[in-house]
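*Asks:* The structure that follows is given in the form of structure tokens.
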Amino acid sequence: MCTEEKIKFPFKETSKGLLDFVKQSPTSFHAVRTASEMLEKEGFVRLAESSAWDLEPNGKYYVTRNGSSLIAFCIPGEQETAFRLFCSHTDSPSFKVKEGPQLSGTAGYTKLNVEQYGGALRAPWFDRPLSLAGRVLVQTENSIETRLVQIDRDLLMIPSVAIHMNREANEGMKYNVQTDLCPVFGDESAKESLCPLIAREIGVQEEAILSMDLFLYNRQRGTFIGANEEFLAAPRLDDLQCMYGSLIGFLNAPQHRAVSVYGAFDNEETGSESRQGAASTFLADVLTRINAARGGSQEDYFRAVAGSFLISGDNAHALHPNHPEKADPVNRPQMNQGVVIKFNANQKYTSDGRSASVLKLLCRHANVPYQVYTNRSDMAGGSTLGNISNTQVSLQAVDIGLPQLAMHSPYEMAGTKDTAYLIELTKEFYSCELEVTDEKMTVQPSEA
Ligand code: ZN
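Each residue of the sequence shown is one higher than the one before, counting from 1 in our numbering.
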């Protein structure tokens, strides 16, 4: 078992960093902005997909698509062409405010008209302060500008029906999004207040607002729990814990080998099929352009891809304290016990014997504990972006995650130690000597 002395990132402080990252990132747009600011602080140069790319040896760059997916990369000095990638996702299940946003005339209340985004657990959204965050499209003369908005106060609530009016409430509930989940926004006087409120928040005239992509977010801040603060609870740990941990590892890798690529994609929770999701051409486009900007031929590109390696990071289910029967009899990860390698025979997860072997060696070299997740054989389980991105660019890949509970609730639970473990693993991944092709697999420890 690893000791904290071997892990350079202190567990508690690292988790505090994660909680701050989560607070600043209530939507995928905000997560990309937060990550962009961290990258720029470390000297990464922003590129536009619509401009020509002139990439320097030892250069550090990043590019976003739709403001909700991001790819950053470091060009090595030497003529190494293979790519080394870690990818996660920026989005989480929530409720999106519809284009016609307000429902009024219902018994003296004004409600917001919402639809579900992704596979949300609905019940925990009830009876807690909620607010709105997202992006607003604003007219400035003949151009349209994007502004991010996060209303930083308790604004909305979805009230339960009292037990006295529904005696079956504890027998299991079915929730209808249209009739049960639309949050209270105020009394009747609040009708027509949303647009003015948003306009005030971002400092524009109401008429200037053309459109909005607004989501509900949970107001409850992340916090530590447990007798020894061994756990933490926060919104959006799936998948901001992997997005944050891999970013810190990427930024702290002492020497980047190969072409190091850090990716965080939107729309994983809805199947990744969007212009900016993992099923889009975004990753393949960026890799192709990196190769071309370095003077590589198409032959060079194919060779680079054949020698590249992807870690797809998306959180995993920890063994549930009250429902251990939901887990596989053997492969049942626990929080604070390290990185989880995820397997599925039908390749919903990309891990196989080869790629898992590479990952295990990386963990050993980084002194990071690892564990294994598989579904119970009579349960379908989830899927993630590793195998989906492979439909656009075929990379040798392994699916991992950090163990957590309450996945897809607006308030999830994870281990205080595990983010630091992921950081150590990603640092090692980006800085070690790694050669993985169909013909050969070499994993040498980094010097750091
Ligand atoms: Zn996820």
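The C-beta atom is built at its ideal place from N, Cα and C for all residues, glycine as well. Since the model is a prediction, treat every value here as computed from it, not as a measurement.
Take the Cβ of residue 383 as the centre, count every other Cβ of all protein chains shown within 10 Å, and call the residue buried at 16 or more, exposed below.
*Replies:* Within the sequence shown, numbered from 1, the residue matching residue 383 stands at position 383. When all chains shown are included, residue 383 counts as buried.
*Asks:* In whole angstroms, what separates the C-alpha of residue 279 from that of residue 394?
*Replies:* As a working note, residue 279 is residue 279 in the sequence shown. As a working note, residue 394 is residue 394 in the sequence shown. The straight-line gap from Cα to Cα measures roughly 12 angstroms.
*Asks:* How would you write the range of the alpha helix (DSSP H) that residue 303 sits in, first residue to last?
*Replies:* As a working mapping, residue 303 is identified with position 303 in the sequence shown. From DSSP, the alpha helix (DSSP H) with residue 303 extends over 298–306.
*Asks:* Taking the straight line between their C-alpha atoms, what separation do you get for residue 371 and residue 47?
*Replies:* Counted from its first residue, the sequence shown places residue 371 at position 371. Counted from its first residue, the sequence shown places residue 47 at position 47. Each residue's alpha carbon lies about 38 angstroms from the other.
*Asks:* Could you tell me the distance, in whole angstroms, from the CA atom of residue 355 to the CA atom of residue 398?
*Replies:* Translated into positions along the sequence shown, residue 355 becomes position 355. Translated into positions along the sequence shown, residue 398 becomes position 398. Cα to Cα, the separation comes out at about 5 angstroms.
*Asks:* What ranges does the beta strand (DSSP E) occupy inside the region 82–131, keeping only unbroken runs of at least 3 residues that lie completely in it?
*Replies:* 83–89, 94–106, 109–117, all fully within the region 82–131.
*Asks:* Taking only heavy atoms of the ligand ZN into account, decide whether any of them is closer than 7 angstroms to the Cβ of residue 350.
*Replies:* The residue given as residue 350 occupies position 350 in the sequence shown. For the ligand ZN, not one heavy atom lies less than 7 angstroms from the Cβ of residue 350.
*Asks:* Would you list the one or two residues that DSSP bridges to residue 401?
*Replies:* For the purposes of this step, residue 401 is taken as the residue at position 401 of the sequence shown. Looking at the DSSP assignment, residue 401 forms a beta bridge with 340.
*Asks:* Roughly how many angstroms lie between the CA atoms of residue 189 and residue 160, to the nearest whole one?
*Replies:* By one-based count along the sequence shown, residue 189 stands at place 189. By one-based count along the sequence shown, residue 160 stands at place 160. Those two C-alpha atoms are separated by around 23 angstroms.
*Asks:* Which one or two residues does DSSP pair with residue 309 in a beta bridge?
*Replies:* Start at 1 with the first residue of the sequence shown, and residue 309 comes out as number 309. Paired residue(s): 84, 396.
*Asks:* To the nearest whole angstrom, what separates the beta carbons of residue 434 and residue 257, a pair I think is in contact under 8 angstroms?
*Replies:* Residue 434 sits at position 434 when you count from the first residue of the sequence shown. Residue 257 sits at position 257 when you count from the first residue of the sequence shown. Correct: roughly 7 angstroms between the Cβ atoms.
*Asks:* May I have a chain-ordered list of the alpha helix (DSSP H) segments no shorter than 4 residues that lie completely inside the region 338–392?
*Replies:* With a minimum length of 4 residues, the continuous alpha helix (DSSP H) runs that stay inside the region 338–392 are 353–366, 385–389.
*Asks:* Would you mind giving the Cβ-Cβ distance between residue 80 and residue 151, rounded to the nearest angstrom? I have them listed as a contact below 8 angstroms.
*Replies:* Here residue 80 is taken as the residue at index 80 of the sequence shown, counted from 1. Here residue 151 is taken as the residue at index 151 of the sequence shown, counted from 1. Wrong, their Cβ atoms sit about 46 angstroms apart, outside the cutoff.
*Asks:* Which residues in the same chain have their Cβ closer than 6 angstroms to the Cβ of residue 456, if we skip the five residues on either side of it in sequence?
*Replies:* A question about residue 456 goes unanswered here, because the residues of the chain that appear run from 1 up to 448.
*Asks:* Since I believe residue 272 is in contact with residue 386 (beta carbons under 8 angstroms), could you give me their beta-carbon distance rounded to a whole number of angstroms?
*Replies:* The sequence position of residue 386 within the sequence shown is 386, counting from 1. The sequence position of residue 272 within the sequence shown is 272, counting from 1. Wrong, their Cβ atoms sit about 10 angstroms apart, outside the cutoff.
*Asks:* For residue 235, count the other beta carbons within 10 Å of its own beta carbon; 16 or more makes it buried, fewer makes it exposed. Which is it?
*Replies:* As a first step, residue 235 is located in the sequence shown; it is residue number 235 there, counting from the start. Buried: at least 16 other Cβ atoms inside 10 Å.
*Asks:* Contact between the region 206–224 and the region 7–26 is defined here as three or more beta-carbon pairs at a separation below 8 angstroms; is this criterion met?
*Replies:* Enough Cβ pairs lie closer than 8 angstroms, so yes.
*Asks:* Please name the residue or residues paired with residue 262 in a DSSP beta bridge.
*Replies:* Taking the sequence shown and counting its residues from 1, one reaches residue 262 at position 262. Per DSSP, 72, 86.
*Asks:* Just how far apart, CA to CA, sit residue 390 and residue 142?
*Replies:* Translated into positions along the sequence shown, residue 390 becomes position 390. Translated into positions along the sequence shown, residue 142 becomes position 142. One C-alpha to the other measures close to 40 angstroms.
*Asks:* Should the region 176–187 be called in touch with the region 99–118, which here means at least 3 C-beta pairs below 8 angstroms?
*Replies:* Yes, since at least three Cβ pairs between the region 176–187 and the region 99–118 fall closer than 8 angstroms, the two stretches touch.
*Asks:* Straight-line CA distance for residue 205 to residue 196?
*Replies:* Working through the sequence shown from its first residue, we reach residue 205 at position 205. Working through the sequence shown from its first residue, we reach residue 196 at position 196. Distance between the alpha carbons of residue 205 and residue 196 is about 8 angstroms.
*Asks:* Pull up the CB-CB distance for residue 407 and residue 317, whole angstroms please, since I reckon it's below 8 angstroms.
*Replies:* Residue mapping note: residue 407 aligns to position 407 of the sequence shown, counting from 1. Residue mapping note: residue 317 aligns to position 317 of the sequence shown, counting from 1. Going by Cβ atoms, the distance from residue 407 to residue 317 rounds to 6 angstroms, so yes, they are a contact pair.
*Asks:* Write down every uninterrupted run of the alpha helix (DSSP H) in the region 185–245 whose length is 4 residues or greater and which is fully enclosed by it, in chain order.
*Replies:* Listed in chain order, they are 194–202.
*Asks:* Do residue 254 and residue 50 have their C-beta atoms within less than 8 angstroms of each other?
*Replies:* Counting from one through the sequence shown, the residue named residue 254 turns up at place 254. Counting from one through the sequence shown, the residue named residue 50 turns up at place 50. It is not a contact, given that the beta carbons lie outside the stated cut-off.
*Asks:* Under a criterion of Cβ closer than 5 angstroms to any non-hydrogen atom of the ligand ZN, which residues qualify, in chain order?
*Replies:* Having a Cβ closer than 5 angstroms to some heavy atom of the ligand ZN are 238, 239, 314.
*Asks:* How is residue 65 classed by DSSP in three states: helix, strand or coil?
*Replies:* As a working note, residue 65 is residue 65 in the sequence shown. Strand.
*Asks:* Could you check if residue 122 is buried or exposed, using at least 16 other CB atoms within 10 Å of its CB as the buried criterion?
*Replies:* Position 122 of the sequence shown, counting from 1, holds the residue named residue 122. Burial call: buried.
*Asks:* For residue 304, count neighbouring C-beta atoms within 10 Å of its own C-beta (all shown protein chains included) and say buried if the count is 16 or more, exposed if not.
*Replies:* As a working mapping, residue 304 is identified with position 304 in the sequence shown. Looking at its Cβ environment, which holds 16 or more other Cβ atoms inside 10 Å, residue 304 is buried.
*Asks:* What three-state label does DSSP hand residue 173 in the structure shown?
*Replies:* Here residue 173 corresponds to residue number 173 of the sequence shown, with the count starting at 1. Residue 173: coil per DSSP, three-state reduction.
*Asks:* So if DSSP puts residue 157 in a beta bridge, which residue, or which two residues, is it bridged to?
*Replies:* For the purposes of this step, residue 157 is taken as the residue at position 157 of the sequence shown. In DSSP, residue 157 forms a bridge with 184.
*Asks:* Cβ atoms of residue 58 and residue 266: under 8 angstroms apart, would you say?
*Replies:* To locate residue 266, count along the sequence shown from 1; it is residue 266. To locate residue 58, count along the sequence shown from 1; it is residue 58. Cβ atoms of residue 266 and residue 58: not closer than 8 angstroms.
*Asks:* Is the CB-CB distance between residue 119 and residue 269 below 8 angstroms?
*Replies:* Residue 119 sits at position 119 when you count from the first residue of the sequence shown. Residue 269 sits at position 269 when you count from the first residue of the sequence shown. Yes. Within cutoff.
*Asks:* Select from 381, 361, 62, 13 the residue whose C-alpha is nearest the C-alpha of residue 349.
*Replies:* Start at 1 with the first residue of the sequence shown, and residue 349 comes out as number 349. Out of 381, 361, 62, 13, 381 has the C-alpha closest to the C-alpha of residue 349.
*Asks:* Going by Cα to Cα distance, which pick from 290, 426, 333 is closest to residue 52?
*Replies:* Within the sequence shown, residue 52 is the residue found at index 52, counting from 1. When each option's Cα is compared against that of residue 52, the closest is 290.
*Asks:* Mapping DSSP to helix, strand and coil, what is residue 334?
*Replies:* For this step, residue 334 is matched to residue 334 along the sequence shown. Coil.
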